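A.B. asks: 2 is the number of the first residue of the sequence shown in this note's numbering; add one for each residue after it. The C-beta atom is built at its ideal place from N, Cα and C for all residues, glycine as well. A quick note: this is a predicted structure, and the numbers were derived from the prediction, not measured.
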Amino acid sequence: MTVDQFHEGLRREGQYETPAAERPAVPVRAGWRATWRFSWREVGTIWAAMRLNRRGLFDTAGWARVVFDTWREAEKMGAVITVEGFDALRDVRGPVVYAANHMSMLETLLLPAALLAHSPLSIVLKRSLLSYPVFGAPLRRIQPITVTRRSARDDLRTVLETGRLRLEAGRSVLLFPQATRRSVFQAEQFNSMGDKLARAAGVPLVPVALKTDFQGIGRVLKDFGMVDPARPIRFALGPALSDTLAKGERHRRCVAFIEERLRAWGMPVAAKGETE
């Protein structure tokens with residue numbers, strides 16, 4: 002399956018699940034071997050992006066092709082990947098703001114493979130990532146929105162100003178309002194930046210619930226945690242929420258959707274006021 006075929010099927014069906022015929026009989030066993038194999042694939046994704054960038058080919062199509070290769074590697078190792086709710090975008094003509102929970106590095110690699118089926122995309126990222134050797138140049142090519150995470154006020158201003166420009170240019174925006182990766186979802190940590198940007202630009206807000214504990218958070222290298230291919234990878238898009246809702250109601254519905262999907266998947270959701 003090519004990324005173009007994947008996108009065509011996703012738009013047509015409104016959902017995706019790893020085809021049964023393409024699943025290995027037995028998933029690769031969790032442990033160092035699986036972790037090394039998949040981490041090497043992630044490094045390969047970065048190098049592939051760098052090579053395309055040097056040739057001037059790391060555009061939206063190039064980005065989708067590279068990250069879909071990583072998607073397919075996870076499936077070859079035994080992960081069953083599902084995408085729900087993509088049909089919510091069928092009646093949306095133009096870019097949107099996606100607000101997703103944040104569990105691991107995995108969603109920054111795999112989620113764009115699906116979202117790029119709707120429109121070009123910009124991701125809100127830490128500014129320091131652009132200075133990384135090898136990785137920085139391709140990141141700049143995909144027009145991210147960069148924040149420092151030192152001043153919440155300055156970061157909000159940057160997201161609103163730059164995000165609005167990206168949306169006006171036809172690029173959807175993906176952000177992770179939790180800022181840091183968390184295995185337990187806490188509504189209090191999920192800020193309303195997505196709603197504020199969507200309201201400022203006059204575009205729909207689309208909540209995204211995700212389960213990516215296929216790869217954990219590393220103890221030494223945070224981005225490269227232990228891999229367990231038996232754990233499914235799940236992405237669920239909620240309804241495209243318009244700005245006709247009362248102030249605060251759209252953000253509340255966004256959070257409620259994510260909590261509902263995570264609970265349905267058996268993932269931990271903290272009660273109000275509860276910490277991890």
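The alpha helix (DSSP H) spanning Arg-235 covers which residue range?
C.D. replies: In the sequence shown, residue 235 corresponds to position 234, counting from 1. Careful: Arg-235 lies outside any alpha helix (DSSP H), inside the beta strand (DSSP E) at 234–238.
A.B. asks: In whole angstroms, what separates the C-alpha of Ser-152 from that of Met-194?
C.D. replies: The residue given as residue 152 occupies position 151 in the sequence shown. The residue given as residue 194 occupies position 193 in the sequence shown. The straight-line gap from Cα to Cα measures roughly 14 Å.
A.B. asks: Measure the Cβ-Cβ separation of Leu-112 and Leu-161 and say whether it is below 7 Å.
C.D. replies: Indexing the sequence shown from 1 puts residue 112 at position 111. Indexing the sequence shown from 1 puts residue 161 at position 160. In this structure, Leu-161 does not lie closer than 7 Å to Leu-112 by Cβ.
A.B. asks: How long is the line joining the alpha carbons of Asp-155 and Ile-146, rounded to whole angstroms?
C.D. replies: The residue you call residue 155 lines up with position 154 of the sequence shown. The residue you call residue 146 lines up with position 145 of the sequence shown. Each residue's Cα considered, the two are about 13 Å apart.
A.B. asks: Helix, strand or coil for Ile-124, going by three-state DSSP, please let me know.
C.D. replies: One-based indexing of the sequence shown puts residue 124 at position 123. The answer is strand: DSSP assigns Ile-124 an E or B state.
A.B. asks: Please determine if the region 169–186 and the region 64–84 are in contact, where contact requires at least 3 C-beta pairs separated by less than 8 Å.
C.D. replies: No: fewer than three Cβ pairs fall under 8 Å.
A.B. asks: Between Gln-190 and Glu-85, is the Cβ-Cβ spacing less than 7 Å?
C.D. replies: For the purposes of this step, residue 190 is taken as residue 189 along the sequence shown, with counting starting at 1. For the purposes of this step, residue 85 is taken as residue 84 along the sequence shown, with counting starting at 1. Contact flag unset, no.
A.B. asks: Where does Pro-113 fall in DSSP's three states?
C.D. replies: Taking the first residue of the sequence shown as 1, we reach residue 113 at position 112. The answer is helix: DSSP assigns Pro-113 an H, G or I state.
A.B. asks: Going by CA-CA distance only, name the one from Leu-166, Ala-31, Thr-149 and Met-104 that's closest to Pro-96.
C.D. replies: For this step, residue 96 is matched to residue 95 along the sequence shown. Residue Leu-166 is the option with its Cα nearest to Pro-96.
A.B. asks: If you pair each beta-carbon of the region 198–208 with each one of the region 32–44, do three or more pairs fall below 8 Å?
C.D. replies: Contact between the region 198–208 and the region 32–44 is absent, because fewer than three Cβ pairs lie under 8 Å.
A.B. asks: So the beta strand (DSSP E) Thr-83 belongs to, where does it begin and stop?
C.D. replies: Here residue 83 refers to the residue found at position 82 of the sequence shown. Looking at the DSSP string, the run of the beta strand (DSSP E) that includes Thr-83 is 82–85.
A.B. asks: Looking only at its chain, what residues have a beta carbon closer than 6 Å to the beta carbon of Phe-69, apart from the 5 residues adjacent to it on each side?
C.D. replies: Here residue 69 corresponds to residue number 68 of the sequence shown, with the count starting at 1. Closer than 6 Å at Cβ, skipping near neighbours: Val-4 and Ala-114.
A.B. asks: How is Ser-7 classed by DSSP in three states: helix, strand or coil?
C.D. replies: Locating residue 7 in the sequence shown gives position 6, counting from the first residue. Residue 7 is actually Phe in this sequence, not Ser. Here Phe-7 sits in helix by DSSP.
A.B. asks: Drop a sphere of 10 angstroms on the beta-carbon of Lys-212, count the other beta-carbons inside from all chains shown, and report buried for 16 or more, exposed for fewer.
C.D. replies: In the sequence shown, counting from the first residue as 1, residue 212 sits at position 211. Flag for Lys-212 reads buried.
A.B. asks: When you compare only the Cα positions, how much space is there between Pro-1 and Arg-34?
C.D. replies: Because the chain is modelled from 2 through 277, residue 1 falls outside the range shown and cannot be assessed.
A.B. asks: Cutting at 6 Å between CB atoms, please list the residues of its own chain near Asn-192, excluding the five before and the five after it.
C.D. replies: Residue 192 sits at position 191 when you count from the first residue of the sequence shown. Excluding positions up to five away in sequence, the list reads Pro-178.
A.B. asks: Can you tell me where the alpha helix (DSSP H) with Leu-58 in it begins and where it stops?
C.D. replies: What you label residue 58 is simply residue 57 of the sequence shown in a count that begins at 1. Leu-58 -> no alpha helix (DSSP H), and no H or E assigned at all.
A.B. asks: Distance, Cα to Cα, Glu-261 vs Arg-254?
C.D. replies: Along the sequence shown, read from residue 1 onward, the residue named residue 261 stands at position 260. Along the sequence shown, read from residue 1 onward, the residue named residue 254 stands at position 253. Roughly 10 Å separates the two Cα atoms.
A.B. asks: Looking only at its chain, what residues have a beta carbon closer than 6 Å to the beta carbon of Ala-347, apart from the 5 residues adjacent to it on each side?
C.D. replies: The chain is shown from 2 up to 277; residue 347 falls before or after that span and cannot be answered.
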